[in-house]
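Mapping of the sequence shown onto our numbering: position 288 corresponds to residue 386, and the numbering continues sequentially without gaps.
Virtual Cβ for every residue (Gly too), placed ideally from N, Cα, C.
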Amino acid sequence: MMEISVTFLLTGCLIQGVFCGFSISLPKRVEALKGSCVFIPCTFDIDQQYVTELTEDVKRIWYKDVKPPTVVFDSSSPDTASLKGEIFGTPTEKNCTTRFDNVHQSDEGSYYFRVEGSGGLKYNYYKVEIAVISVVDSPPEPTVSLFKDQQKVKEVTGVTEVKEVKEVKEVTEGSSVNLRCSTKIFCSSRPANLTWSSSPEHLLNESVTQQQRQEQTELISDLIFTVTHRHHLATFTCTVTHQLQEQITKQETRTLRVQYAPKNTSAHVSASGIVLEGRSVTLSCSSDANPPVLNYTWYRDTEEPLKPVQSGQNLTISNIDPTHSGRYVCTAQNEHGAQNASVMLDVQCEYQEALLIYSQSLLYQTSDFRLDTYTHIY
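The structure is reproduced here in structure tokens:
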């Protein structure tokens, strides 16, 4: 009967608290950069029966590996530890957050925490949680993302025969967007540095707000601006610089694809000089838009209301006569809007051309005569 009661008490202890009140909170996996430091955020708790023993003199110890365990850091003698660093806070604050400096590949492995007092307070937390430290040789590239109205903009990828195309972001002109660069923080005491560049360069100086902040595990830099058609196919590059034994830089470039209504619409007459009746003439219209212009429509502004003459980028008039003279308006349109451009068409009779040539010739001859006469008088 006594044996059954003891078993029940032990079981109850396990149910009410993690291993009779001993618990710890720390990440299961921590990534470290070779040559940098690594932070292990950590808090612990103890069983209530040992509360009076939790004093400032309690040792906070880190072991590497479980079988066989190796002491790598002891708060009572930090200078003699194989891993140099610091445990933050005090034992009474139940703080075990730790920084290990100058981490190397050999420091990879499983780590567990131990508290050790002068009395009965002695506990290895590997029964509760173990942190695994992995060491990378080189920092990763930063991540560049685009947000609009707090939502991540969809990404478009493509592959050409030559190379893979970088991710392209699609937004509409007039949108207020946030271009965000983030990089992992390996050592908050020696944080990385984030910088932006753009092509064309002047885009970073045109009403762009830059904001940078440091969170627990990330360094973030935001570019906030309103998109215009000038941002179409512009590239933004985020560069992260890590200060280790030597300076290491990584960067990521993203291209913006902006959808916008027609811009810089223009119309012109294909023929040069005088347009004569009986001939053929072509009026052409061009515009810059994304997506490309869906419809080109031609109108004559001599008609009220304006009536479409023809659809298409080019308007060809055969056997032209003076009644075709006037101003022609081209409208370029896509799903985001439209823009107009106009051109004047002046059709002349053939005899008017001959009369004009004759008049110019006569004027030239008269000018020569007057010049000769003026010289003779002088």
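Could you spell out the range, first to last residue, of the beta strand (DSSP E) harbouring residue i?
{"i": "residue 386", "result": "379-388"}
{"i": "residue 126", "result": "Residue 126 -> no beta strand (DSSP E), and no H or E assigned at all."}
{"i": "residue 407", "result": "406-409"}
{"i": "residue 185", "result": "183-185"}
{"i": "residue 172", "result": "168-172"}
{"i": "residue 221", "result": "220-222"}
{"i": "residue 279", "result": "274-282"}
{"i": "residue 412", "result": "412-415"}
{"i": "residue 324", "result": "316-324"}
{"i": "residue 291", "result": "291-297"}
{"i": "residue 246", "result": "241-246"}
{"i": "residue 394", "result": "393-398"}
Based on Cα-Cα distance, which residue from the options lies nearest to residue i?
{"i": "residue 155", "options": "147, 174, 167", "result": "174"}
{"i": "residue 443", "options": "420, 278, 430", "result": "420"}
{"i": "residue 144", "options": "126, 128, 119", "result": "119"}
{"i": "residue 237", "options": "390, 325, 289, 441", "result": "289"}
{"i": "residue 435", "options": "389, 383, 360", "result": "360"}
{"i": "residue 140", "options": "201, 209, 170, 151", "result": "209"}
{"i": "residue 308", "options": "198, 315, 295", "result": "295"}
{"i": "residue 392", "options": "424, 279, 411", "result": "411"}
{"i": "residue 270", "options": "417, 326, 380", "result": "326"}
{"i": "residue 481", "options": "218, 357, 413, 384", "result": "Residue 481 cannot be examined here, being either before or after the span of the chain that is shown, 99 to 476."}
{"i": "residue 300", "options": "284, 277, 333, 285", "result": "333"}
For residue i, is the classification buried or exposed, using 16 other Cβ atoms within 10 angstroms of its Cβ as the cut-off for buried?
{"i": "residue 340", "result": "buried"}
{"i": "residue 453", "result": "Note that residue 453 scores 42 on pLDDT, short of 50, meaning its location in the model is unreliable and no value can be drawn from it."}
{"i": "residue 329", "result": "buried"}
{"i": "residue 162", "result": "buried"}
{"i": "residue 432", "result": "buried"}
{"i": "residue 240", "result": "buried"}
{"i": "residue 404", "result": "exposed"}
{"i": "residue 292", "result": "buried"}
{"i": "residue 109", "result": "With a pLDDT of 34 at residue 109, under the threshold of 50, the predicted position of this residue should be treated as unreliable, and no value is reported."}
{"i": "residue 263", "result": "The predicted position of residue 263 is uncertain, since its pLDDT is 48 and thus under 50; a value taken from the coordinates is nonetheless stated next. Counting Cβ neighbours within 10 Å, residue 263 comes out exposed, since fewer than 16 surround it."}
{"i": "residue 190", "result": "exposed"}
{"i": "residue 399", "result": "exposed"}
{"i": "residue 205", "result": "buried"}
{"i": "residue 331", "result": "exposed"}
{"i": "residue 445", "result": "buried"}
{"i": "residue 196", "result": "buried"}
{"i": "residue 528", "result": "Any question about residue 528 goes unanswered here, given that the chain covers just 99 to 476."}
{"i": "residue 280", "result": "buried"}
{"i": "residue 150", "result": "exposed"}
Going by DSSP, name the residue or residues bridged to residue i.
{"i": "residue 424", "result": "443"}
{"i": "residue 341", "result": "345"}
{"i": "residue 136", "result": "198"}
{"i": "residue 159", "result": "172, 212"}
{"i": "residue 143", "result": "121"}
{"i": "residue 225", "result": "DSSP output for residue 225 lists no bridge partner at all."}
{"i": "residue 308", "result": "321"}
{"i": "residue 418", "result": "Answer is none; residue 418 lacks a bridge partner."}
{"i": "residue 269", "result": "356"}
{"i": "residue 250", "result": "245"}
{"i": "residue 231", "result": "128, 207"}
Counting only C-beta atoms, is residue i closer than 8 Å to chain D at any point?
{"i": "residue 167", "result": "Note that chain D does not occur in the displayed structure, where there is just one protein chain."}
Exercise for the section: Please confirm if the segment 182-197 is in contact with the segment 225-239, defined as three or more CB-CB distances below 8 Å between the two stretches. Expected result: no
Handout entry: At least 3 beta-carbon pairs within less than 8 Å: the segment 304-323 vs the segment 347-366
Key = Between the segment 304-323 and the segment 347-366, the count of Cβ pairs shorter than 8 Å is below three; the stretches do not touch.
Problem - Cβ contact check for the segment 163-180 and the segment 126-138: 3 or more pairs under 8 Å - result: no
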